[in-house]
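Visitor: Let me give you the structure first, and then I'll get to my questions.
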C-alpha cells in the first residue's frame, strides 16, 4: 500500500540555520505530495504541495521538489525563524480518487534564538 | 469562513462508555474525512464521505465505531463501549475537488479522547 517515510525527529536548530527534513514515499500510480504543518495549539494546515514530477512547491520560504526518480519530497528552508517551530508532516494522496491523505509520522522542529 | 469546527475539544470518559464527536465542515465542501492521531504518530485515515454517502472505511474502524453525515453537512463519529486504546486525537477534515483532482484538506483542531 501507499506509505510515507519521514525523517525522525525531534530536530533542534538555531535561528537562521538551514533546514532539511527528509521525506520519501511509496505509492502506486502518480501521487500528489504535500507538507502539512501543525503549530502549537492549532490544527493541521497545508504548507505546500506538488502534483507532478519535478514540480516545486513553495510557501513562507519553504520549498520542496517532487523527485520521482528518488521518490522523495524533502522540505527545505534557507533560514529558519523561531516562529517556524512546529510539527511537520509529509503526506501523499492519489488524485481523482477519494484523495485521502497518507501521512508520515511527523517531525517536531524547534528553533532556538 | 469559520473553518472546520469540532466538538467537544476534549472528552474524558470511563472505559465502556459511548462517546460522540461532531464535525462541522466548511460549508461549500462536499468531502469530509475523519482521521485518528496518537502521540508521536501521523494522522491515520478512518473514513470518508462525499456528500452524505460514506464511500470508504479503513480497517482501523472497528464495529464499535460508526460515522454518519445525514444531510451532507455536519458529521458525527460515535465510539461505543470505549476502550483505553481508543484514547487519541480525532481529526476531521473537509475539501472540495480542484481542477487538478487534488483538493486541499482543511483540518479542524481535533477532539481529544481520554479513556480511563
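Chains as they are written, first to last, in the numbering used here: chain A, 1 to 113; chain B, 114 to 229.
Don't be surprised by glycine CBs; every beta carbon is placed ideally from N, CA and C.
With DSSP as the reference, please indicate the residues paired to residue 225(B) in a beta bridge.
Guide: Position 112 of the second chain, counting from 1, holds the residue named residue 225(B). Answer is 123(B), 202(B).
Visitor: Assign residue 197(B) to one of three DSSP states: helix, strand, or coil.
Guide: By one-based count along the second chain, residue 197(B) stands at place 84. Here residue 197(B) sits in helix by DSSP.
Visitor: Is there contact here, the region 10-19 of chain A with the region 77-95 of chain A, by at least three beta-carbon pairs under 8 angstroms?
Guide: yes
Visitor: Going by the CB atoms, is the gap between residue 71(A) and residue 25(A) shorter than 8 angstroms?
Guide: The sequence position of residue 25(A) within the first chain is 25, counting from 1. The sequence position of residue 71(A) within the first chain is 71, counting from 1. A contact, by the Cβ cut-off of 8 angstroms.
Visitor: For residue 209(B), which residues in the same chain have their Cβ closer than 7 angstroms to its Cβ, ignoring the five residues on either side in sequence?
Guide: For the purposes of this step, residue 209(B) is taken as residue 96 along the second chain, with counting starting at 1. Excluding sequence neighbours, residue 209(B) sits near 141, 142, 143, 144, 216.
Visitor: For residue 221(B), is the classification buried or exposed, using 16 other Cβ atoms within 10 angstroms of its Cβ as the cut-off for buried?
Guide: Locating residue 221(B) in the second chain gives position 108, counting from the first residue. With 16 or more Cβ atoms within 10 Å of its Cβ, residue 221(B) is classed as buried.
Visitor: From 30(A), 44(A), 62(A), pick the residue whose C-alpha is nearest to that of residue 53(A); which is it?
Guide: Translated into the one-based positions of the first chain, residue 53(A) becomes position 53. Comparing Cα-Cα distances from residue 53(A) to each of 30(A), 44(A), 62(A), the minimum goes to 30(A).
Visitor: The beta strand (DSSP E) with residue 146(B) in it runs from where to where?
Guide: Taking the second chain and counting its residues from 1, one reaches residue 146(B) at position 33. Counting along the chain, residue 146(B) sits inside the beta strand (DSSP E) bounded by residues 144-150.
Visitor: Alpha carbon to alpha carbon, how far is residue 88(A) from residue 106(A)?
Guide: Position 88 of the first chain, counted from the start, is the residue given in the question as residue 88(A). Position 106 of the first chain, counted from the start, is the residue given in the question as residue 106(A). Going from the Cα of residue 88(A) to the Cα of residue 106(A) covers about 5 angstroms.
Visitor: Nearest to residue 133(B) by CA position, among 156(B), 187(B), 219(B), 207(B), is which residue?
Guide: Taking the first residue of the second chain as 1, we reach residue 133(B) at position 20. Residue 187(B) holds the alpha-carbon nearest to the alpha-carbon of residue 133(B) among 156(B), 187(B), 219(B), 207(B).
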